[in-house]
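Chemist:
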Amino acid sequence: MIETGVPSMWTQSLWYLAIAVSLLGSIGAGIWFFLRQRGGSRRVSVDQENILIAALMDVEEAAVLANKHGFIVLINPAAEKLLRQRARSTRGKYHTEVFHLLDPAKHSPIPWMERNHMIRQQIFRDCLFNCHGLQDVEITYLVKPLSLTGKDDDHILLLLKDQSELRALQAHLNYVQMNDPQTKLLNRKSFELKLKTALDEARQQGVKHSFCHVALDQFKLVNDTLGHSAGDAFIERISHLLKNSIDKRRDVLARIGGDEFGILFREAEPIDALRKAESLRNAVMRYNFVWDGQPHKITASVGFVPIHKQSGTPNRVFSLADAACRVAKAKGGNRLHLYRPDDVEINKHRGQLVWIGRLRKAFESGEFRLYAQPIQPLEPRAFLKPFHHYEILLRLFDAEGKAISPDEFIPVAEYYSMMPKLDRWVVKELLTHVRRIAKCNPLPIFAINLSGQSLDDPSFLKYVLDMIKWAAVPPNMLCFEITERVAISNLALAHKFIDTLKLLGCSFSLDDFGTGVSSFAYLKQLPVNYLKIDGSFVKDIATDDVGRAMVQSVHQVGQLMSVKTIAEYVENEQIIRILRDIGIEFGQGYGISRPIPLPDVIATHLQPTVTAATDKT
Numbered sequence: 019m020i021e022t023g024v025p026s027m028w029t030q031s032l033w034y035l036a037i038a039v040s041l042l043g044s045i046g047a048g049i050w051f052f053l054r055q056r057g058g059s060r061r062v063s064v065d066q067e068n069i070l071i072a073a074l075m076d077v078e079e080a081a082v083l084a085n086k087h088g089f090i091v092l093i094n095p096a097a098e099k100l101l102r103q104r105a106r107s108t109r110g111k112y113h114t115e116v117f118h119l120l121d122p123a124k125h126s127p128i129p130w131m132e133r134n135h136m137i138r139q140q141i142f143r144d145c146l147f148n149c150h151g152l153q154d155v156e157i158t159y160l161v162k163p164l165s166l167t168g169k170d171d172d173h174i175l176l177l178l179k180d181q182s183e184l185r186a187l188q189a190h191l192n193y194v195q196m197n198d199p200q201t202k203l204l205n206r207k208s209f210e211l212k213l214k215t216a217l218d219e220a221r222q223q224g225v226k227h228s229f230c231h232v233a234l235d236q237f238k239l240v241n242d243t244l245g246h247s248a249g250d251a252f253i254e255r256i257s258h259l260l261k262n263s264i265d266k267r268r269d270v271l272a273r274i275g276g277d278e279f280g281i282l283f284r285e286a287e288p289i290d291a292l293r294k295a296e297s298l299r300n301a302v303m304r305y306n307f308v309w310d311g312q313p314h315k316i317t318a319s320v321g322f323v324p325i326h327k328q329s330g331t332p333n334r335v336f337s338l339a340d341a342a343c344r345v346a347k348a349k350g351g352n353r354l355h356l357y358r359p360d361d362v363e364i365n366k367h368r369g370q371l372v373w374i375g376r377l378r379k380a381f382e383s384g385e386f387r388l389y390a391q392p393i394q395p396l397e398p399r400a401f402l403k404p405f406h407h408y409e410i411l412l413r414l415f416d417a418e419g420k421a422i423s424p425d426e427f428i429p430v431a432e433y434y435s436m437m438p439k440l441d442r443w444v445v446k447e448l449l450t451h452v453r454r455i456a457k458c459n460p461l462p463i464f465a466i467n468l469s470g471q472s473l474d475d476p477s478f479l480k481y482v483l484d485m486i487k488w489a490a491v492p493p494n495m496l497c498f499e500i501t502e503r504v505a506i507s508n509l510a511l512a513h514k515f516i517d518t519l520k521l522l523g524c525s526f527s528l529d530d531f532g533t534g535v536s537s538f539a540y541l542k543q544l545p546v547n548y549l550k551i552d553g554s555f556v557k558d559i560a561t562d563d564v565g566r567a568m569v570q571s572v573h574q575v576g577q578l579m580s581v582k583t584i585a586e587y588v589e590n591e592q593i594i595r596i597l598r599d600i601g602i603e604f605g606q607g608y609g610i611s612r613p614i615p616l617p618d619v620i621a622t623h624l625q626p627t628v629t630a631a632t633d634k635t
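Okay, structure coming up:
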């Protein structure tokens, strides 16, 4: 077999089958008769002979019919094309005068005319096809003895299939599998193979290499401000810049992510590789990207990892380089960070990478759970159970059932752009529970926190609309909480999201209000139903005059705009009394209720009676 390195046995088998089916389907009943015969005398009518010849003329594969002595009787049009000769010029010639079948390994003639060979070769086999004056062609052939006179096998049928187009396709597929289509650089898969080879060399021979993880800083701004066409053009030009900045004979460059590149500096002392890496960073910094006549600058962060005998696996090296690169970004970007075993910052980022795996596992194993914390009217007579307004909180539990603080996993999810997936899970899980109480009277309200990443996701709004329709839940049961910071940074998207869902009947709450520098100015542009006053102003309201003044100011603005106010961090009776005096409508905190598992809340609302709770005066 000719080794191409591309098709699997499965692919080849399918192709062989396709040829056989095509052949038999084209030849029809006549050739089926001939190919099904086994040994002994075969009597063939003139009509059947004509059927065979006609079928050979039509079949797509090249067909050569020779007598038992090796002289060509006829060739079909496909064979004419392969041989580049007319049929009449080959008729009566000994087959070796016209072509040779060669063993691809030994380059020696294949004895396809010999009977024992014919018996063994009744399947398609690869070989080289040599035609006088032409370059060898890779083909697949089948040879079968036939009888056209009624005597013992007096003819031989040779079927040939040109493999050149298939080989070209296979080579293209191999290239596509191993290279990035946009930049024509190696892709991550190919780079990992190169890295594995380098690690083996380091471990077995002590050869020194280095790995650089290069990530462009703030590349998203290029796409957002100039468009994706500009972003694609920029990536291609940076790829070209990096390619021209390395030693192509020795070093390896690959695109390992959207705006990330991997560089393997082979057989270089770490200090020399560091100089090369720093030179690349400076080259990116100096590069002027011109789009629509306007120059634009961008920088790169570089994570640098020396490779030695104890470097371990490609995954470990990737992880270390990625962590080093993220440390460089965290320090402001446009810098190189060298990995050291005792590097505290890198170890912290590697810990975050561990969290990525943990979060993915949590989705699969059901370790996430929803809790609901009541948001209660502060009027004394309003303290009734069950509560009718809740904020939905996400909790993660470990294998032992211990709750893990959201402060541990939410920042990681944000950093690695996993929040849209988390928000989708929350929406679906909440609606799965809430649909059970969709006909309660009065209807409770459930507030869902939304991340900036979800607002920035063009498909998220449609997802929410589709899920509401699926659950058949009254939209006025849903309230969406958006933090002030997120709303301001995504103002146009937030406005569209709010307008669309408010028309449907949903309500909105602006969370952490008061922490922004321009809170009141932006409030006019956001048609929300509730203002949640940031807990930092509420928790010390009994002793902090500035905090009290801020709460009063927010409440006054809320009144003017007909927006209800909700105070967070309501921890005790004293805070409740002060908030009542100010006029704050709602409170949320441990002084009212701790978070409750969502299934328990749903069960409470399914109960037929409502009981009064003790007034909080």
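Under this note's numbering, the letters of the sequence shown match residues 19 to 635, in that order. Even for Gly, the Cβ is constructed at its ideal location relative to N, Cα and C.
1) Spatial neighbours of V270 within its chain, please: C-beta separation below 6 Å, excluding the five flanking residues on both sides.
2) For F209 and V335, which I take to be in contact (beta-carbon distance under 8 Å), what is that distance rounded to the nearest angstrom?
3) Closer than 6 Å by C-beta to F415: which residues in its own chain qualify, once you throw out the five before and the five after it? Chain order, please.
4) Using a threshold of 8 Å, is the CB atom of Y112 nearer than that to any non-hydrogen atom of the ligand SAH?
5) The beta strand (DSSP E) that contains F464, what's its start and end?
6) With a threshold of 16 other CB atoms inside 10 Å of the CB of E21, please say whether the residue is buried or exposed.
7) Round the Cβ separation of G523 and P545 to the nearest angstrom and send it over; I've been treating them as touching at under 8 Å.
8) DSSP three-state call for P359: helix, strand or coil?
9) Which residue comes first and which comes last in the alpha helix (DSSP H) that contains R453?
10) Using the three-state DSSP reduction, which class does C230 fall into: helix, strand or coil?
11) Determine the DSSP secondary structure at R273, reduced to helix, strand or coil.
12) In terms of DSSP beta bridges, what is Q394 paired with?
13) What does a CB cutoff of less than 6 Å around A272 pick up in its chain, not counting 5 residues either side in sequence?
14) With DSSP collapsed to three states, give me the class of W443.
15) Spatial neighbours of S5 within its chain, please: C-beta separation below 8 Å, excluding the five flanking residues on both sides.
16) Thinking just about the alpha-carbon of each residue, which of T450, G375, M303 is nearest to the one in N352?
17) How far does the beta strand (DSSP E) with D529 in it reach, from first residue to last?
18) Taking all protein chains shown into account, do 16 or more other C-beta atoms lie within 10 angstroms of the C-beta of R566, making it buried, or fewer, making it exposed?
19) Taking a contact to mean a Cβ-Cβ separation below 9 Å, would you say A216 touches S263 in this structure?
20) Along the chain, where does the alpha helix (DSSP H) containing N241 start, and where does it finish?
21) Would you kindly work out how many angstroms separate the C-alpha atoms of V225 and E219, rounded to a whole number?
22) Check whether the stretch 190–198 touches the stretch 84–102, counting contact only when three or more Cβ pairs, one atom from each stretch, lie closer than 8 Å.
23) What are the boundary residues of the alpha helix (DSSP H) that includes K86?
24) For Q391, which option in G609, L120, L624, Q103 has the closest C-alpha, if you only look at C-alpha atoms?
25) Label V232 either buried or exposed according to how many other C-beta atoms from any shown protein chain fall within 10 Å of its C-beta, with 16 as the threshold for buried.
26) How is the beta strand (DSSP E) around E409 delimited, first residue to last?
27) DSSP on D180, reduced to helix/strand/coil?
28) Considering only C-alpha positions, which residue in the set L461, M579, S472 is nearest to L624?
29) Going by beta-carbon coordinates alone, are I500 and L468 separated by less than 9 Å?
30) Would H258 be called buried (16 or more neighbouring beta carbons within 10 Å of its own) or exposed?
31) Rounded to the nearest angstrom, what separates M579 and L338 at their Cα positions?
32) Check S40 in the structure and name its three-state DSSP category.
33) Would DSSP call N205 helix, strand or coil?
34) When the Cα atoms are used, what is the spatial distance from R107 to K99?
35) Nearest to H573 by alpha carbon, out of V320, A105, F555, T561?
Modeler: Reading it off the structure:
1) K212, L282
2) That pair is no contact at about 11 Å.
3) E385, A421
4) Within the structure as shown, the ligand SAH is missing, as the structure has no ligands at all.
5) 463–468
6) Any answer about E21 is weak, because its pLDDT of 38 lies below 50 and its placement is not dependable; what the coordinates show is given next. By the neighbour-count rule (16 or more Cβ atoms within 10 Å), E21 is not buried but exposed.
7) Contact doesn't hold; Cβ gap of about 14 Å is too wide.
8) coil
9) Element bounds for R453: n/a, residue is neither H nor E.
10) strand
11) strand
12) G605
13) L203, L204, F209, G280
14) helix
15) The first residue shown for the chain is 19 and the last is 635, placing residue 5 beyond what the model contains.
16) M303
17) 525–531
18) buried
19) no
20) 237–244
21) 6 Å
22) no
23) That residue, K86, is in no alpha helix (DSSP H); it is neither H nor E in DSSP.
24) G609
25) buried
26) 407–415
27) strand
28) L461
29) yes
30) exposed
31) 52 Å
32) Residue confidence for S40 is low, a pLDDT of 43 falling below 50, so the modelled location carries little weight and cannot support an answer.
33) coil
34) Just to set this straight, residue 107 is Ser in the shown sequence, not Arg. The straight-line gap from Cα to Cα measures roughly 13 Å.
35) F555
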